[in-house]
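Peer 1: When we follow the working numbering, the leftmost residue of the sequence shown carries the number 2, and every step to the right adds one.
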Amino acid sequence: MNDKTPEFWAAVLTGLKNAWPQILGALMAGLIAYGRLIYDGAIRKNKWLEGVL
(Lines of atoms letter the chains of each structure in order from A; the text may use other names.)
(Lines give C-alpha, C1' and ligand atoms only; values in the text may rest on other atoms or scores of the structure.)
Protein backbone atom coordinates (compact mmCIF):
# COMPACT_ATOMS: atom_id res chain seq x y z
CA MET A 2 0.00 0.00 0.00
CA ASN A 3 1.56 3.22 -1.14
CA ASP A 4 0.30 6.20 0.84
CA LYS A 5 1.38 8.67 -1.86
CA THR A 6 -1.23 7.59 -4.39
CA PRO A 7 -4.52 9.49 -4.57
CA GLU A 8 -6.47 6.22 -4.75
CA PHE A 9 -5.24 5.26 -1.29
CA TRP A 10 -6.45 8.51 0.28
CA ALA A 11 -9.74 8.29 -1.60
CA ALA A 12 -10.25 4.80 -0.17
CA VAL A 13 -9.37 6.01 3.35
CA LEU A 14 -11.82 8.91 3.10
CA THR A 15 -14.53 6.63 1.72
CA GLY A 16 -13.98 4.21 4.60
CA LEU A 17 -14.20 7.03 7.15
CA LYS A 18 -17.32 8.37 5.47
CA ASN A 19 -18.97 4.95 5.65
CA ALA A 20 -17.92 4.35 9.27
CA TRP A 21 -18.85 7.84 10.52
CA PRO A 22 -22.03 6.77 12.37
CA GLN A 23 -20.13 4.10 14.30
CA ILE A 24 -17.27 6.47 15.12
CA LEU A 25 -19.65 9.19 16.29
CA GLY A 26 -21.67 6.70 18.35
CA ALA A 27 -18.53 5.45 20.10
CA LEU A 28 -17.38 9.00 20.85
CA MET A 29 -20.78 9.98 22.22
CA ALA A 30 -20.94 6.84 24.38
CA GLY A 31 -17.50 7.62 25.78
CA LEU A 32 -18.47 11.22 26.57
CA ILE A 33 -21.70 10.14 28.24
CA ALA A 34 -19.85 7.54 30.33
CA TYR A 35 -17.24 10.14 31.34
CA GLY A 36 -19.98 12.63 32.24
CA ARG A 37 -21.68 9.96 34.33
CA LEU A 38 -18.41 9.31 36.17
CA ILE A 39 -18.03 13.02 36.90
CA TYR A 40 -21.62 13.19 38.14
CA ASP A 41 -21.05 10.17 40.42
CA GLY A 42 -17.90 11.76 41.83
CA ALA A 43 -15.48 9.13 40.51
CA ILE A 44 -11.97 10.25 39.68
CA ARG A 45 -10.69 8.87 36.35
CA LYS A 46 -11.44 5.22 36.87
CA ASN A 47 -11.27 2.65 34.12
CA LYS A 48 -15.06 2.62 33.94
CA TRP A 49 -15.07 5.13 31.06
CA LEU A 50 -14.58 2.19 28.70
CA GLU A 51 -17.90 0.75 29.86
CA GLY A 52 -19.86 3.16 27.67
CA VAL A 53 -17.96 2.20 24.55
CA LEU A 54 -18.35 -1.51 25.16
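Every residue, glycine too, gets a C-beta built ideally from N, C-alpha and C.
Does THR6 come out as helix, strand or coil in the three-state DSSP assignment?
Peer 2: coil
Peer 1: Considering only heavy atoms of the ligand COA, does any lie closer than 6 Å to the CB of PRO7?
Peer 2: In terms of ligand content, the structure shown is empty, and the ligand COA therefore cannot be addressed.
Peer 1: DSSP three-state call for GLY36: helix, strand or coil?
Peer 2: helix
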